[in-house]
Amino acid sequence: MLDDFFSRALIAGVGLALITGPLGCFVVWRRMAYFGATMAHSALLGAALALFLRIEPMSGVFLVATLVAGALMLLERIGGLSSDTLLGILAHAALAIGLVAVAAMPWVRVDLMGFLFGDILAVSRTDIAIIFASGVVILGLLAWSWRSLLAATVNEELARAEGLGPTRARVLFMLLLATVIAIAMKLVGILLITALLIIPAATARRLAGGPEAMAVVASLVGAVAVVLGLGGSLTLDTPSGPSIVMAAFLLFLASLLPMAWRRGSAPPDAGS
Amino acid sequence: MLRTRSQSRSISTAGPATSLVEAHGLGVHRDGRWLVRDIDLTVNRGEIVTLIGPNGSGKSTTAKAIIGVIKPDVGSIRRASGLRIGYVPQALSIDRTLPLTVHRLLTLTARHDRTAVEGALEAVGVPHLRRVPVHDLSGGEFQRALLARALLRAPDLLVLDEPVQGVDFPGELALYGLIQDIRDRHGCGVLLISHDLHVVMAATDTVICLNGSVSCRGSPQAVVADPAYASLFGAAAAETLAVYRHRHGGGPAGHAHDHDHDHDHDHHRDP
Chain A
1 MLDDFFSRAL
11 IAGVGLALIT
21 GPLGCFVVWR
31 RMAYFGATMA
41 HSALLGAALA
51 LFLRIEPMSG
61 VFLVATLVAG
71 ALMLLERIGG
81 LSSDTLLGIL
91 AHAALAIGLV
101 AVAAMPWVRV
111 DLMGFLFGDI
121 LAVSRTDIAI
131 IFASGVVILG
141 LLAWSWRSLL
151 AATVNEELAR
161 AEGLGPTRAR
171 VLFMLLLATV
181 IAIAMKLVGI
191 LLITALLIIP
201 AATARRLAGG
211 PEAMAVVASL
221 VGAVAVVLGL
231 GGSLTLDTPS
241 GPSIVMAAFL
251 LFLASLLPMA
261 WRRGSAPPDA
271 GS
Chain B
1001 MLRTRSQSRS
1011 ISTAGPATSL
1021 VEAHGLGVHR
1031 DGRWLVRDID
1041 LTVNRGEIVT
1051 LIGPNGSGKS
1061 TTAKAIIGVI
1071 KPDVGSIRRA
1081 SGLRIGYVPQ
1091 ALSIDRTLPL
1101 TVHRLLTLTA
1111 RHDRTAVEGA
1121 LEAVGVPHLR
1131 RVPVHDLSGG
1141 EFQRALLARA
1151 LLRAPDLLVL
1161 DEPVQGVDFP
1171 GELALYGLIQ
1181 DIRDRHGCGV
1191 LLISHDLHVV
1201 MAATDTVICL
1211 NGSVSCRGSP
1221 QAVVADPAYA
1231 SLFGAAAAET
1241 LAVYRHRHGG
1251 GPAGHAHDHD
1261 HDHDHDHHRD
1271 P
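Residue numbers (the working numbering), protein chains in the order written: chain A, 1 to 272; chain B, 1001 to 1271.
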């Protein structure tokens, strides 16, 4: 029953979910959901740039996502605009420029739907190798900078006062995020990457009592969502990327149930 | 209990030799204006220095410059060599999406074993809260947990930015009593930020009134009597405070004010 392309998709998807889990926790804790979405939106521009320069699409995506993150940090520091306005401007400007750039290169045939929603069923062995190799690096760096990143998430000044280098940790986090977006684009597409970062993390919040546990649970939730989503997409013949996100969403809804049952009138979770 | 390097040292030998931090002519310039300017400030071992002033008077800015979180644009800061700082930032709030027990909060920036964490919580009077999620704490309990976190560093200098925020009045008194108690036991210096002189009076050796620059300084009694204090907070506030002081016999915590330190020498009004 498991065709070869299907097991490749399964392995790639689970690998990606293991990476997005802990990273997504920081996106949620730092209230950077929209920030991640903005970086993801810039991925199409990155892909267009890569096509133009004839380089590997992933490097182009990583480059542009990093530039956008840098531009945001810079604009926030000098600008008079609130950061959610800046994010809105950059996200849609980057997406629009990407679409125009792709259209302006008639000599390359681009599967736009593939970029937007991904095509996890088309992953190759090389893709899997890239996902797992970069996954090891990403998770290793995350573990290495965990304490300073977590301290800076709680309070930047506290981290600085106690010598934990919050700025360095934040820059590293941006780079890791850009890397994950670059490798996730092919699998779930730029419009669904944010979902894979945020939904498993939000689901894990209900199930974990500490930050480390939440990161692990988020990875597991993401992996389960990939398995369920791909399975569903195979049986029901639905698009794979959206099916995975839907599975993650169903898991999230399920995670709300025990809470509602246990606490009755629990206060609404303020940490959107 | 808590290991404190300063424990072995004498508390009462206040003077330039035991100053933990000394700032001279401190100024921080941001966005085309001076947030604070011409700040001279010294905290000695075993001394509690309170910065008071209205909102936007630069209290937090001064404290952050003192501990090195922000870089002053002018002036000099001399910190005692190997100075360890315990910091409780202002209005620290932890996002509800981040699950954190009190234990994990106390081990946020450095590894500590369970005994040390329990000792620190014991020292601030909340030993039973170690496994409780921080979001379930009351305002006073949370501030105590933050204080315990700062104490775990065995600090020479405690810097507390509005440590009673979100705490009810009896809780405020208890917290200031606790801060004084910590100072007495560990002999550390304390730099305290408050917008309200009423409740900190008893727990303070030196008060510095801030309004962009130092407008008056001295012992709490001297500052209350200072015209600069009245003009900064309004005559009504000064009078209320005077009345309050009479009623409560020198301060809410019932402590007398005659500490060993003699602050008269540095009681002056800056021009």
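We treat Cβ as the ideally placed atom computed from N, Cα and C, and that holds for glycine. Given the structure is predicted, the values throughout are model-derived calculations rather than measurements.
In this structure, the alpha-carbon of residue 1225 of chain B lies about 12 angstroms from that of residue 1209 of chain B. In chain order, 1046, 1048, 1190 place their CB closer than 7 angstroms to the CB of residue 1183 of chain B, counting only its own chain and leaving out the 5 sequence neighbours on each side.
Residue 1211 of chain B is classed as buried because its beta carbon has at least 16 other beta carbons within 10 Å across all chains shown.
The alpha-carbon of residue 169 of chain A is positioned some 20 angstroms away from that of residue 37 of chain A. In this structure, the alpha-carbon of residue 130 of chain A lies about 8 angstroms from that of residue 183 of chain A.
Counting only runs of 4+ residues, the alpha helix (DSSP H) found wholly inside the region 57-99 of chain A occupies 57-78, in chain order. Contact residues of the region 1086-1105 of chain B toward chain A are 1087, 1089, 1092, 1094, 1095, 1096, 1097, 1098, 1099, 1100, 1101, 1104 (C-beta to C-beta distance below 7 angstroms). Neighbourhood of residue 1064 of chain B in chain A, by CB distance below 7 angstroms: 157, in chain order. At a cut-off of 9 angstroms between beta-carbon atoms, residue 1109 of chain B makes contact with chain A. DSSP, reduced to helix, strand and coil, places residue 1047 of chain B outside both helices and strands of the structure shown, so it counts as coil. Residue 1192 of chain B: member of the beta strand (DSSP E) spanning 1189-1194, first to last residue. In the DSSP annotation of this structure, the continuous segment of the beta strand (DSSP E) that includes residue 1217 of chain B starts and ends at 1214-1218. Using a C-beta cut-off of 8 angstroms, the region 102-111 of chain A makes contact with the region 49-58 of chain A, since at least three inter-stretch Cβ pairs fall below that distance. Contact annotation, residue 123 of chain A with residue 206 of chain A: C-beta distance approximately 31 angstroms; criterion of less than 8 angstroms not satisfied. Note on the region 1145-1189 of chain B: whole alpha helix (DSSP H) runs with a minimum of 4 residues are 1169-1186, in chain order. Under the three-state reduction of DSSP output, residue 238 of chain A falls in the coil class, being neither helix nor strand.
Shown here, residue 1019 of chain B sits in a strand according to DSSP, grouped into three states.
Taking a Cβ-Cβ cut-off of 8 angstroms, residue 1193 of chain B has no neighbours in chain A, whose nearest Cβ is about 13 angstroms from it.
Within the region 6-33 of chain A, contact with chain B at the beta-carbon level (separation under 9 angstroms) is assigned to 25, 28, 29, 30, 31. Counting only Cβ-Cβ distances below 8 angstroms, residue 164 of chain A has contacts in chain B at 1109, in chain order.
Within the same chain, 23, 138, 141, 142 come within 8 angstroms of residue 176 of chain A by CB-CB distance, once the 5 residues on both sides are set aside. Sixteen is the threshold: since fewer than 16 other Cβ atoms of the shown chains lie within 10 Å of the Cβ of residue 1169 of chain B, the residue is exposed. Look at residue 1159 of chain B: its C-beta is under 9 angstroms from a C-beta on chain A.
Chain A places no beta carbon closer than 9 angstroms to that of residue 1077 of chain B, leaving this residue out of the contacts.
Closest option to residue 118 of chain A, judged by alpha-carbon separation, among A:200, A:248, A:187: A:187.
Contact note: residue 150 of chain A reaches chain B through 1108, using a C-beta cutoff of 8 angstroms and chain order. Counting every other CB atom within 10 Å of its CB across the protein chains shown gives residue 1159 of chain B a total of 16 or more, marking it as buried. Close partners of residue 1069 of chain B in chain A (Cβ separation under 8 angstroms): 157, 160, 161. Taken through DSSP and simplified to helix, strand or coil, residue 1198 of chain B comes out as helix.
Contiguous beta strand (DSSP E) elements confined to the region 1071-1122 of chain B occur at 1074-1079, 1085-1088, taking only those with 3 or more residues. For residue 1204 of chain B, no beta strand (DSSP E) encloses it, and the DSSP letter there is neither H nor E. When the Cα atoms are used, residue 1140 of chain B and residue 179 of chain A turn out to be separated by approximately 42 angstroms.
Taking C-beta separations shorter than 6 angstroms and ignoring five residues to either side along the sequence, the partners of residue 41 of chain A in its chain run 91, 94, 95, following chain order. Per the Cβ contact rule, the region 1095-1109 of chain B is in contact with the region 18-32 of chain A (3 or more Cβ pairs under 8 angstroms). For the region 114-173 of chain A, the full-length alpha helix (DSSP H) segments reaching 4 residues or more read 125-144, 146-154, 156-161 along the chain.
For residue 1231 of chain B, the uninterrupted alpha helix (DSSP H) run begins and ends at 1227-1233, by DSSP.
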